[in-house]
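Report on one structure; see the data block that follows.
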Amino acid sequence: MRADPAEYRLVSPGNLQAVLSLLASEPAQWLPIAGGTDVMVLYSAGKLSNRKLINIWNIPELRQIEVFPDRIRIGAACTYTALRQHEIVSREFPLLATAASWTGGIANQNRGTLGGNIANASPAADSLPALLVYDAEVTLISVRGERRVAYRNFHTDYKQTALAADELIRDISLPRRFSGYISHARKVGARNAQAISKVCLAALGQISNGTIRDVRLAMGSVAPIPLCLTETERALLGKQIEPSLIDSARRTVAKEIRPIDDIRSTARYRAAVAGNLVAEFLEKLVASETNA
């Protein structure tokens, strides 16, 4: 059943304080909307439960990417196109730039926002594993003030987050300390573009004399939330990369993830692919040192 526009109200305050005041006045009743790429799908299908919408697209402080010596700060309403085209993001955070290029088509990238992707909390979202491996921090604001949450603690369960009913995501902060890492991003889907992931991987690593000095692994579409593969990371850290370690890593990944059968794929397929993607990354790490 399609939605009736007469049943909805949309306001556009134009400044951040007015938005926060509305959220505080009726918690959980007002839904912030920026690009609308997720919200409008629900609206068109008649499944958008919120009847009151606040436009935050036109608030300048939510659209900026700020660069500091030790970090970058990405406004929650920054689009995927802005991420793809930003010099520092592309050079120092290539996993995020790559994920931005995976997100829908050009029209979606021009409208879809990083904060919206986070708030929507889909475990299949392409950008979220990249934020996990880059140790992102999310700034949440309300009339009560602001608080910072480590992104790895933001998603609490399927479609559930640490965001309070009166809070808004203001920005996402990434530390600038991963330029010396080998990065690897892979998405497996029905098509190369405009397809929801069956499995996606974001990975960072450092290797010296064949030994893994640091490793960061995160996956989407393999659990109720975007998942850090912490057990697999621990099993790999400080080890020499050899065939037996790669085989062991496949088994650890399969134990750590919690895939399901759904319309896009099966749990068995996802488990096999997840192990393959981590193995592919480990082989890339070895090759990076061999070719150096």
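Per the working numbering, the sequence shown starts with residue 1, numbered consecutively.
Idealized CB from N, CA, C, for every residue including glycine.
Just so it is clear, the structure is predicted and the values come from calculations on it, not from any experiment.
Taking the CB atoms as reference points, tell me whether S127 and A99 lie closer together than 9 Å. Locating residue 127 in the sequence shown gives position 127, where the first residue counts as 1. Locating residue 99 in the sequence shown gives position 99, where the first residue counts as 1. The criterion of a C-beta distance shorter than 9 Å is satisfied by S127 and A99.
If S197 and E167 are in contact, beta carbons under 8 Å, what's the gap, nearest whole angstrom? Here residue 197 is taken as the residue at index 197 of the sequence shown, counted from 1. Here residue 167 is taken as the residue at index 167 of the sequence shown, counted from 1. No, S197 and E167 are not in contact; Cβ-Cβ is about 28 Å, not under 8 Å.
Assess contact between the segment 43 to 50 and the segment 111 to 120, defined as three or more Cβ pairs (one per stretch) separated by less than 8 Å. Is contact present? Contact check between the segment 43 to 50 and the segment 111 to 120: fewer than three CB pairs, one atom from each, fall below 8 Å, which does not count as touching.
Relative to the C-alpha of N110, which residue among T37, L10 and R176 is closest? Against the sequence shown, residue 110 aligns to sequence position 110. If we check each option's Cα against that of N110, T37 comes out closest.
T101 versus A130: straight-line alpha-carbon distance, rounded: Residue mapping note: residue 101 aligns to position 101 of the sequence shown, counting from 1. Residue mapping note: residue 130 aligns to position 130 of the sequence shown, counting from 1. It should be pointed out that residue 101 corresponds to Ser in this sequence rather than to Thr. Those two C-alpha atoms are separated by around 13 Å.
State buried or exposed for L10, treating a residue as buried only when at least 16 other CB atoms are found within 10 Å of its CB. By one-based count along the sequence shown, residue 10 stands at place 10. The residue is exposed, with fewer than 16 neighbouring Cβ atoms inside 10 Å.
Residue interval of the beta strand (DSSP E) (run including I169): What you label residue 169 is simply residue 169 of the sequence shown in a count that begins at 1. Counting along the chain, I169 sits inside the beta strand (DSSP E) bounded by residues L168 to P175.
Judging by CA-CA distance, which residue of N55, S221 and Y43 is the nearest neighbour of L20? Position 20 of the sequence shown, counted from the start, is the residue given in the question as residue 20. Distance from the Cα of L20 is smallest, within the candidate group N55, S221 and Y43, for N55.
Same chain, Cβ closer than 6 Å to A136, neighbours up to 5 away in sequence not counted: For this step, residue 136 is matched to residue 136 along the sequence shown. Cβ neighbours of A136 within its own chain (closer than 6 Å, five residues either side excluded): Y151, I172 and L174.
Measuring CB to CB, does A296 end up less than 9 Å from P259? What the structure shows of the chain is the stretch from 1 to 292, and residue 296 is not part of that stretch, so it cannot be assessed.
Check D247 in the structure and name its three-state DSSP category. Start at 1 with the first residue of the sequence shown, and residue 247 comes out as number 247. It is helical.
Between the Cα of G180 and the Cα atoms of G205, S221 and A3, which residue gives the shortest distance? As a position in the sequence shown, residue 180 is number 180, starting the count at 1. Among G205, S221 and A3, the Cα nearest to that of G180 is on G205.
Pull up the distance between the alpha-carbon of H155 and that of P123, whole angstroms please. Translated into positions along the sequence shown, residue 155 becomes position 155. Translated into positions along the sequence shown, residue 123 becomes position 123. Between H155 and P123, the C-alpha separation is close to 9 Å.
Does the beta-carbon distance from G14 to A77 come in below 9 Å? The residue given as residue 14 occupies position 14 in the sequence shown. The residue given as residue 77 occupies position 77 in the sequence shown. No, Cβ-Cβ distance for G14 and A77 is not below 9 Å.
What are the boundary residues of the beta strand (DSSP E) that L53 is part of? Along the sequence shown, one-based indexing puts residue 53 at 53. Here the beta strand (DSSP E) through L53 covers K52 to N55.
Can you tell which of G104, A202, W30 and E26 has the C-alpha that lies nearest to the C-alpha of S12? In the sequence shown, counting from the first residue as 1, residue 12 sits at position 12. Here the closest residue by C-alpha is W30.
When you compare only the Cα positions, how much space is there between D214 and E26? For the purposes of this step, residue 214 is taken as the residue at position 214 of the sequence shown. For the purposes of this step, residue 26 is taken as the residue at position 26 of the sequence shown. Answer to the nearest angstrom: the Cα atoms are 46 Å apart.
Three-way DSSP call (helix, strand, coil) for G75 in this model: The count along the sequence shown starts at 1 and reaches residue 75 at position 75. Reduced to three states, the DSSP call for G75 is strand.
So, with DSSP's three-state summary, where would you put V11? In the sequence shown, counting from the first residue as 1, residue 11 sits at position 11. Looking at V11 - three-state DSSP - the assignment turns out to be strand.
Name the residue from N153, V133 and Y134 whose alpha carbon lies nearest to the alpha carbon of L140. For the purposes of this step, residue 140 is taken as the residue at position 140 of the sequence shown. The candidate whose alpha carbon is nearest that of L140 is N153.
Start-to-end residues for the beta strand (DSSP E) that takes in K187: The sequence position of residue 187 within the sequence shown is 187, counting from 1. For K187, the enclosing beta strand (DSSP E) stretches over residues I182 to V188.
Using the three-state DSSP reduction, which class does S25 fall into: helix, strand or coil? Along the sequence shown, read from residue 1 onward, the residue named residue 25 stands at position 25. S25 falls in the helix class under three-state DSSP.
Cα separation between G112 and T79? The count along the sequence shown starts at 1 and reaches residue 112 at position 112. The count along the sequence shown starts at 1 and reaches residue 79 at position 79. Straight-line measurement puts the Cα of T79 at about 5 Å from the Cα of G112.
Three-state secondary structure (DSSP) at G145? Counting from 1 along the sequence shown, the entry for residue 145 is found at position 145. Correct three-state label for G145: strand.
Can you tell which of R176, F178 and E146 has the C-alpha that lies nearest to the C-alpha of L163? Residue mapping note: residue 163 aligns to position 163 of the sequence shown, counting from 1. Cα-wise, what sits closest to L163 is E146.
Can you check whether the C-beta of P32 is within less than 9 Å of a C-beta belonging to chain B? Here there is only one protein chain, and chain B is not present.
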